[in-house]
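>
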RNA sequence: GGGCCAGUAGUUCAGUGGAUAGAAUGGCUGCCUGCGGAGCAGUUGGUCGCAGGUUCAAAUCCUGCCUGGUCCGCCA
């Protein structure tokens, strides 16, 4: 465990108080509002009340009996706060000596007993990753990196949803066009277009079937796969005039209008692809809706040797696009788990049987529901997770007898920890899936495996919306990291064009800066907050951004690189650290020292509270403090030898701190930019 | 109706029991013959959603309410 000087001081004071007042006293320390008040501060109000003595009396007693630690300059009482001023020179020396002892400052063995699985991204392989998906990737990656930094073994996993109903129409569409047209974009982006079209055709098909089944007259002039404006007007009239349907009425009308809107939007944006897919579907597929169901069923059974490779190959293609995007963001995965494998393993019927035997399943025709509340009541679940409301049932098998996503997820989680012999597992999945994730845990409880369930945590994060609305893959509406990447690169080249860099240097800089820019923009925000994504802001390399940090690093490193020119041997200073008398002159220097001290503790707190954004915000504080220092404190040209050496050491420390922070955030170090 | 989350400066966000609530951005004003101006300094801007309560002390904890997001029977 990392001990902290401030805690030592607190212990000393507590000890002193205990000799006089006997009882155990709860003492806390905080940072004062302003550094003029002191470096750390102990509020004495609660003691004052408990001991029935004024803060003045307590303070006097402490001052009289406290043997000053060698790093304390002065202690004074102001308005009930006992303010401690540190000996800046001594404190700095201590902190920097400590920093030099570590290869990577801030690392520890705190979590060395842990083996952690982090599952993240796990996007539907029906299109490219968008900034909503990569919020999961970025958060998950940093959580894992934090654990690794603090000593744990990490395993990053991606759950491939290759089995859903959403993929089937895509597979059907791809088979129709694959020999006729070539992708005109990055493969996952191109598939995203295909998916939007096929899904729209399917949904039109389905709603027309629904109308037909309700006894409406459909105009045969129009095909089952398209919607026309005049056609809809007729249907809406029919729906309004019918007495059936009541509550469904509104829904159907809204859905019709929505489909029409999507259809015309797609026709406008990708007319050629829409046209060819529509025509081929009409010519070759009798009934897309039932064909879809058939495909899903066959793939889920895992026996049809013609269909399996169709699903697999397409999914792999899209996945390769995802991996490419993630690599660009410095995010690397260790393993991929295929949903289909868990359907084929034959375990789904077994767990359904067991849950059924324990009467944890409710039957509704062929559909089956997990009675979550019953499990939660009959096990320790509600107590353990402090839940005092009724948990709704979860549908796990549909009325066609097809098992749904949660079934595979239950099987997956039964074995998930084994794959890495993990002590804990985080699933970084959007908040919308909260209930389903809870359902999986409850199923494990129901199966008598609470010890597994308790090691699995749903790390939820809020959605990313786009200029007031959500990303919608089904409508081919999203901002992709790839797109942002292009935009940032253009911006960066604009900034770099007047500098003397070679093309390859410029490429490297642009690539690393773009990546950090996108990543940091998402990382710096609290995962619990819904983001409205502003492309312009994300691409802006100024303000609180990844490039700002990279610039700070390059600027600091440059001082060290220039040192020999001024006859300064940095290595010699580092080697003789214990002989050097530190001299802190300015506020800007002192502020940095305090941040250096804080870094290891900040990392631990960030992991404890699971707030990766605090790493980003701390990094910004440090970089910002460095620029203030840079402006106020010349390093290489200062005359006083002690001041010069101290400043060299501060700059060196900043470089080390930023290297650590970059490692945790997965941001590239740039020596020149 | 119920669960979860959010509400802080014009805007984007920090700040989960401590002193006068902080940044960034926008507007205005300064600073390069010094180690990199992707920078720094200054100025402008806030009844911390509302109302009670707990506490020496509340943006922070509790209760109620308001607003927004999201989930709650066959998508994943």
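Residue numbers (this note's numbering): 28 to 700.
Backbone N, C-alpha and C define an ideal beta-carbon position, used for all residues, glycine too.
Everything numeric in this text was worked out from a predicted model, so none of it was measured.
Could you give the C-beta distance for residue 143 and residue 449, rounded to a whole number, given that I count them as a contact under 8 Å?
Contact flag correct, Cβ pair sits at about 6 Å.
> For residue 697, name the three-state secondary structure that DSSP assigns.
The answer is coil: DSSP assigns residue 697 none of H, G, I, E or B.
> For residue 157, does the three-state DSSP call read helix, strand or coil?
Looking at residue 157 - three-state DSSP - the assignment turns out to be coil, as it is neither helix nor strand.
> For residue 46, which residues in the same chain have their Cβ closer than 8 Å to its Cβ, ignoring the five residues on either side in sequence?
Within the same chain, residue 46 has close Cβ partners 92.
> On the CB-based measure, 16 or more other CB atoms within 10 Å of its CB, does residue 377 come out buried or exposed?
Burial call: exposed.
> Assign residue 179 to buried or exposed, taking buried as 16 or more other Cβ atoms, counted over all protein chains shown, within 10 Å of its Cβ.
Classification of residue 179: buried, given that the 10 Å Cβ count is 16 or more.
> Is it buried or exposed for residue 416, if we count other Cβ within 10 angstroms and need 16 for buried?
By the neighbour-count rule (16 or more Cβ atoms within 10 Å), residue 416 is not buried but exposed.
> If we require 4 or more residues per run, which alpha helix (DSSP H) segments fall completely within the segment 219–306?
Listed in chain order, the complete alpha helix (DSSP H) runs (minimum 4 residues) inside the segment 219–306 are 256–268, 273–296.
> Roughly how many angstroms separate the alpha carbons of residue 28 and residue 642, rounded to a whole number?
Only weak support is given to the placement of residue 28: the predicted model assigns it a pLDDT of 45, under 50, and the value that follows is read from those uncertain coordinates. Each residue's Cα considered, the two are about 19 Å apart.
> With a Cβ-Cβ cutoff of 8 Å, do residue 8 and residue 149 count as a contact?
The chain is shown from 28 up to 700; residue 8 falls before or after that span and cannot be answered.
> Output yes or no for whether 8 Å exceeds the beta carbon distance between residue 421 and residue 396.
Yes, they are a contact pair.
> Taking Cβ positions, are residue 74 and residue 39 nearer each other than 8 Å?
No, the Cβ-Cβ distance between residue 74 and residue 39 is not below 8 Å.
> With a CB to CB cut of under 6 Å and the five nearest residues on each side skipped, what residues in its chain are close to residue 539?
If we look at residue 539 and ignore the five residues flanking it on each side, its Cβ neighbours are 695, 697.
> Helix or strand or just coil, what does DSSP make of residue 690?
Helix.
> Check the DSSP bridge columns for residue 394 and list the partner residues they point to.
Beta-bridge pairing links residue 394 to 391.
> Straight-line CA distance for residue 522 to residue 580?
Approximately 18 Å, taken between the alpha carbons.
> Restricting to runs no shorter than 4 residues, where is the alpha helix (DSSP H) found entirely within the segment 98–178?
For the segment 98–178, whole alpha helix (DSSP H) runs of length 4 or above, ordered along the chain, are 115–128, 158–176.
> Are the segment 291–307 and the segment 158–174 in contact at 8 Å, needing three or more beta carbon pairs?
The segment 291–307 vs the segment 158–174: no contact.
> Residue 615 to residue 35, Cα distance in whole Å?
Roughly 25 Å between the two C-alpha positions.
> For residue 588, count neighbouring Cβ atoms within 10 angstroms of its own Cβ and tell me buried if that reaches 16, exposed if not.
That one is exposed.
> Write down the C-beta distance between residue 452 and residue 484 rounded to the nearest angstrom, noting that I regard them as a contact closer than 8 Å.
Confirmed, about 7 Å.
> Relative to the alpha-carbon of residue 662, which residue among 692, 685, 583 has its alpha-carbon at the smallest distance?
When only C-alpha atoms are compared, the closest one is 583.
> Going by alpha carbons, who is nearest to residue 322 out of 339, 301, 192?
When only C-alpha atoms are compared, the closest one is 192.
> Alpha carbon to alpha carbon, how far is residue 689 from residue 490?
Rounded to whole angstroms, residue 689 to residue 490 spans 25 Å at the Cα level.
> Give me the Cα-Cα distance between residue 145 and residue 598, rounded to the nearest whole angstrom.
Computed Cα separation, rounded: 40 Å.
> Between which two residues does the alpha helix (DSSP H) holding residue 180 run?
Counting along the chain, residue 180 falls outside any alpha helix (DSSP H), though it belongs to the beta strand (DSSP E) covering 180–187.
> Between the C-alpha atoms of residue 295 and residue 635, what's the straight-line distance to the nearest angstrom?
Going from the Cα of residue 295 to the Cα of residue 635 covers about 49 Å.
> What did DSSP end up calling residue 56 once you bin it into helix, strand or coil?
Three-state result, residue 56: coil.
> Does DSSP put residue 559 in a helix, a strand or coil?
Here residue 559 sits in strand by DSSP.
> On a CA-only basis, which of 42, 651, 593 is nearest residue 571? Give me that one, please.
Considering only alpha carbons, the answer is 651.
> Could you check what DSSP says for residue 333 in three-state terms: helix, strand or coil?
The answer is coil: DSSP assigns residue 333 none of H, G, I, E or B.
> How about residue 104 and residue 83: do their beta carbons lie closer than 8 Å?
A contact, by the Cβ cut-off of 8 Å.
> In the DSSP assignment, find the alpha helix (DSSP H) that holds residue 648 and state where it starts and stops.
Here the alpha helix (DSSP H) through residue 648 covers 640–659.
> Go through the segment 349–435 residue by residue and report every complete run of the alpha helix (DSSP H) that reaches 4 residues or more, in order.
With a minimum length of 4 residues, the continuous alpha helix (DSSP H) runs that stay inside the segment 349–435 are 366–371, 374–384, 399–405, 408–411.
> Is the Cβ-Cβ distance between residue 238 and residue 263 less than 8 Å?
No, the pair does not count as a contact, with Cβ atoms beyond the cut-off.
> CB-CB under 7 Å to residue 467, same chain, minus the five flanking residues each way: which ones, in chain order?
433, 436, 437, 440, listed in sequence order.
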